[in-house]
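Contents: one structure, followed by commentary.
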Ligand SMILES: NC(=O)c1ccc[n+]([C@@H]2O[C@H](COP(=O)([O-])OP(=O)(O)OC[C@H]3O[C@@H](n4cnc5c(N)ncnc54)[C@H](OP(=O)(O)O)[C@@H]3O)[C@@H](O)[C@H]2O)c1
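In the numbering used here, the protein residues as written are 4 to 285.
Right under this line is the structure:
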């Protein structure tokens with residue numbers, strides 16, 4: 004094995020993981036760059052996570068992505084996590100460093116922001132109030148990204164108010180937690196509304212929200228990507244709002260991982276997006 008081949012191995016650890024679309028994206032980039040390498044599915048049971056992460060280096064992996072249920076547990080296994088991962092409370096990407104130690108970070112926020120900037124080039128975080136619905140892991144990444152981009156007002160609504168309150172307290176900045184009953188009114192005058200709950204995902208009920216207060220000019224974003232168009236996005240589109248689905252967030256979080264693993268910066272091309280969407284739509 005040559006050195007260059009040795010470092011072009013990466014994968015995604017999850018349980019279950021066989022449904023993951025990540026190999027499609029990373030192997031597309033490996034092909035685009037005409038590289039010898041592979042991005043593989045790594046079905047790892049929770050009890051085996053520590054051993055699997057420690058095996059990355061001897062197996063010649065540059066690193067891996069983490070998905071459910073490993074994103075939190077891995078924080079205590081890797082040798083170092085950065086501030087972003089600590090604030091968001093989860094690792095989405097592990098890097099095997101030259102000395103064999105493991106470094107963990109979270110690229111989901113970069114995915115959310117990178118996608119917005121590519122899809123809506125005139126988008127600005129300080130264009131007006133922003134409402135984020137949900138306060139789980141995805142929401143933490145979204146809120147972090149919006150603050151990094153200079154958001155001036157984030158209204159954070161969650162079914163369990165305490166979780167929204169915790170994000171506001173931990174992150175600081177202009178985040179106002181709001182009780183669930185206020186979710187409809189929280190859309191009044193916003194520049195963007197983001198669904199960061201699991202509501203609307205395949206197998207889940209639609210997000211229970213009225214859009215009558217959402218300005219016509221507002222952007223409606225969802226971080227869910229199965230289905231491609233959630234009921235929230237469909238309702239927003241039908242009333243004339245611009246919409247953006249969660250596929251782009253998934254695609255754009257892959258780019259910073261490549262920078263860390265391979266020192267390369269792949270591009271999210273229309274062809275790649277189309278392939279991912281076709282695969283998800285089945
Ligand atoms: N596109 C991407 O790259 C990307 C990245 C991350 C996540 N996601 C997607 O985002 C979604 C959320 O993921 P997550 O990791 O943030 O999940 P999570 O940590 O489990 O959080 C789930 C969120 O949904 C809310 N929720 C659940 N059931 C609800 C209900 N019946 N009514 C109202 N709110 C409800 C929860 O509220 P409570 O706090 O009250 O329980 C919480 O805010 C998933 O579909 C995931 O696939 C996509």
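All C-beta atoms, glycine included, are put in the ideal place defined by N, C-alpha and C.
DSSP places residue 118 in the helix class (H, G or I) of the three-state scheme. For residue 142, the distance from the CB to the nearest heavy atom of ligand 1 is below 7 angstroms.
Nearest C-alpha to residue 28 among 19, 131, 43: 43.
Taking C-beta atoms under 8 angstroms as the contact rule, residue 240 and residue 222 fail to qualify, at a distance of about 11 angstroms. Taking C-alpha positions only, residue 128 is separated from residue 252 by approximately 16 angstroms. Remark: the C-beta of residue 252 is in contact range of ligand 1, defined as less than 7 angstroms to any heavy atom.
Here residue 180 is buried. Its C-beta has 16 or more other C-beta atoms within 10 Å. A direct Cα-to-Cα measurement between residue 116 and residue 60 gives close to 31 angstroms. Taking C-alpha positions only, residue 200 is separated from residue 34 by approximately 34 angstroms. Distance from the CA of residue 149 to the CA of residue 73, rounded to the nearest whole angstrom, comes to 25 angstroms. Take the alpha-carbon of residue 164 and the one of residue 232: they are about 27 angstroms apart. The region 73-82 makes contact with the region 96-114; the number of CB pairs closer than 8 angstroms reaches 3 or more. The Cβ-Cβ distance between residue 189 and residue 161 does not fall below 8 angstroms.
In this structure, residue 199 has its CB closer than 7 angstroms to one or more heavy atoms of ligand 1. A direct Cα-Cα distance of roughly 12 angstroms separates residue 112 from residue 260.
Residue 136 is positioned such that its CB atom lies no closer than 8 angstroms to that of residue 227. Counting only residues of its own chain and dropping the five nearest sequence neighbours on each side, residue 234 has a CB closer than 8 angstroms to the CB of 203, 209, 210.
In this structure the region 9-20 touches the region 44-54; the number of beta carbon pairs closer than 8 angstroms is three or more. Residue 223: not part of any alpha helix (DSSP H); member of the beta strand (DSSP E) spanning 222-225, first to last residue.
Under the DSSP assignment, residue 62 falls in the alpha helix (DSSP H) whose first and last residues are 52-62.
Among the bridge pairs identified by DSSP, residue 195 is matched with 133, 222.
Inter-residue distance for residue 193 and residue 130 is about 9 angstroms (C-alpha atoms, whole angstroms). Distances between the C-beta of residue 161 and the heavy atoms of ligand 1 include at least one below 7 angstroms. Scanning the region 141-217 for uninterrupted alpha helix (DSSP H) segments of 4 residues or longer gives 164-174, listed from N- to C-terminal end.
Residue 274 sits in a helix when the DSSP states are folded into three classes.
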